[in-house]
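Chemist:
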């Protein structure tokens, strides 16, 4: 049974929302540290670890929220949360650039896998648009585009692994370039692998539970205040459930693991696109893509533009720019700020 917060006062709802956000933030911080250890122990590297471990696990709150609200028929909240999370997380990367004082974060974390991740994200973002504008094909109540998204994601992860193991080109090394973590036979971490995986799964489960509660709190806020589900999902719940990405990215940057920070954000964004596919499976009244509104299309276009700016920034590799951050980070902050005025207006 879902948590019923609809009969509670706005103060209780907001308090529940805030407590769950703090829980998610705490768990996200711990997940970042565990992911660094797992990246070194498995030899997977920070970019791949960011996508698989942190990117997927810290996205659990948002995925649980989108799926459960879609199951309840609240498509605006489910879609808004999924797309708004991608926009918020991309903005978090720009904020992490502000924290990284050595220079431009995208310059330091330049890698073939980082560029490939962003390209995978852009490819996945085009699929919901095709599903919205194309024929309304259905397999039972599921659109084939949802199945295609999972296939593209699995193919992309396999391709990322190949690119990291045998890259066909390398970014030019500079004094600001940070190397990705490589596997070291001399493991410096005392924890056993069983303990690391156990802690990882425990904190991931904690964030998932908190994400479900935040979803119900979001619906209660809509009922009490009259704010639209799209606005609540795109900004309020999206930022709250994306808080692990923010915390883990900042923590990774402060630890000097800049590749993990980039892999966390971009990998989490690609996983967030799967929220839509999972929500389509959960939504029982047809294709969730048919429920897209102009605001949803605007948000998809926004995240495509922000991701394109990020990709160009990683290719350009500006050493320092406005406020000691790259022009791409400044542009992403401006784009997200402008979207708030449009969608919340």
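Residue numbers (the UniProt record's numbering): 1 to 345. Built from N, CA and C at the ideal position, the CB exists for glycine as well.
#1: Answer yes or no: the CB of residue 69 versus the heavy atoms of the ligand PLP, is any distance below 6 Å?
#2: How many angstroms separate the CA atom of residue 289 from the CA atom of residue 117?
#3: Residue 241 and residue 93 - do their beta-carbons sit closer together than 7 Å?
#4: Tell me, please, which residues DSSP counts as bridged to residue 142.
#5: Suppose you measure from the CA of residue 184 to the CA of residue 41; what does that come to, to the nearest Å?
#6: Considering only their Cβ atoms, is the gap separating residue 272 from residue 142 smaller than 7 Å?
#7: Could you compute how far the alpha carbon of residue 12 sits from the alpha carbon of residue 226?
#8: Counting only runs that start and end within the UniProt domain "Sodium/calcium exchanger membrane region" (199 to 343), where is the alpha helix (DSSP H) found for 4 or more residues in a row?
#9: Take residue 29 as the anchor and find which of 200, 102 and 310 has the nearest alpha-carbon.
#10: For residue 89, name the three-state secondary structure that DSSP assigns.
#11: If contact is defined by three or more beta carbon pairs under 8 Å, each pair taking one atom from either stretch, is the segment 69 to 89 in contact with the segment 222 to 239?
#12: Less than 7 Å separating the beta-carbons of residue 275 and residue 123?
#13: Compare the beta carbon distance of residue 98 and residue 156 with 7 Å and say whether it is the shorter of the two.
#14: Can you give me the Cβ contacts of residue 339 inside the same chain, cut-off strictly under 7 Å, excluding the 5 residues immediately before and after it?
#15: Please return the same chain residues whose Cβ sits closer than 6 Å to the Cβ of residue 144, not counting the five positions on each side in sequence.
#16: So residue 57 and residue 207 are in contact, right, with Cβ under 8 Å, and what is the actual spacing, rounded?
#17: Does the beta-carbon of residue 130 have 16 or more other beta-carbons within 10 angstroms, so that it is buried, or is it exposed?
#18: Round the Cβ separation of residue 350 and residue 261 to the nearest angstrom and send it over; I've been treating them as touching at under 8 Å.
#19: Cβ atoms of residue 268 and residue 106: under 7 Å apart, would you say?
#20: Suppose contacts are defined by Cβ-Cβ distances below 7 Å. Is residue 283 in contact with residue 70 by that definition?
#21: Apply the 10 Å Cβ neighbour rule to residue 61 and answer buried if 16 or more other Cβ atoms are within range, or exposed otherwise.
#22: Taking the continuous alpha helix (DSSP H) assigned at residue 132, which residues delimit it?
#23: Drop a sphere of 10 angstroms on the beta-carbon of residue 135, count the other beta-carbons inside from all chains shown, and report buried for 16 or more, exposed for fewer.
#24: Using C-beta distances below 6 Å, list every residue in its chain close to residue 333, excluding the 5 sequence neighbours before and after it, in chain order.
#25: Taking only three categories from DSSP, how would you classify residue 153?
#26: What span of residues does the alpha helix (DSSP H) with residue 106 cover, start to end?
#27: Inspect the beta-carbon positions of residue 285 and residue 264 and report whether they are closer than 7 Å.
#28: Could you check whether residue 35 and residue 258 sit closer than 7 Å to each other, using their CB atoms as the reference points?
#29: Whole angstroms is fine: what's the gap from residue 397's alpha carbon to residue 213's?
#30: May I have the straight-line CA-CA distance separating residue 194 from residue 277, to the nearest angstrom?
#31: Given a threshold of 16 other Cβ atoms within 10 Å of its Cβ, counted over all protein chains shown, does residue 198 qualify as buried or as exposed?
Modeler: In short:
#1: This structure lacks the ligand PLP; in fact it carries no ligand of any kind.
#2: 24 Å
#3: no
#4: Beta-bridge pairing by DSSP links residue 142 to 139.
#5: Unreliable placement is indicated for residue 184, whose pLDDT of 46 sits below 50; no coordinate value is reported for it.
#6: no
#7: 17 Å
#8: 238 to 241, 243 to 254, 258 to 282, 294 to 316 and 327 to 343
#9: If we check each option's Cα against that of residue 29, 200 comes out closest.
#10: The answer is helix: DSSP assigns residue 89 an H, G or I state.
#11: yes
#12: no
#13: no
#14: The residues are 87 and 302.
#15: 137.
#16: 7 Å
#17: exposed
#18: Residue coverage of the chain in this structure runs from 1 to 345, which leaves residue 350 outside it and unanswerable.
#19: no
#20: yes
#21: Burial call: buried.
#22: Here the alpha helix (DSSP H) through residue 132 covers 112 to 133.
#23: exposed
#24: Result list for residue 333: 94, in chain order.
#25: helix
#26: 105 to 108
#27: no
#28: no
#29: The first residue shown for the chain is 1 and the last is 345, placing residue 397 beyond what the model contains.
#30: Rounded to the nearest whole angstrom, the C-alpha separation of residue 194 and residue 277 is 32 Å.
#31: exposed
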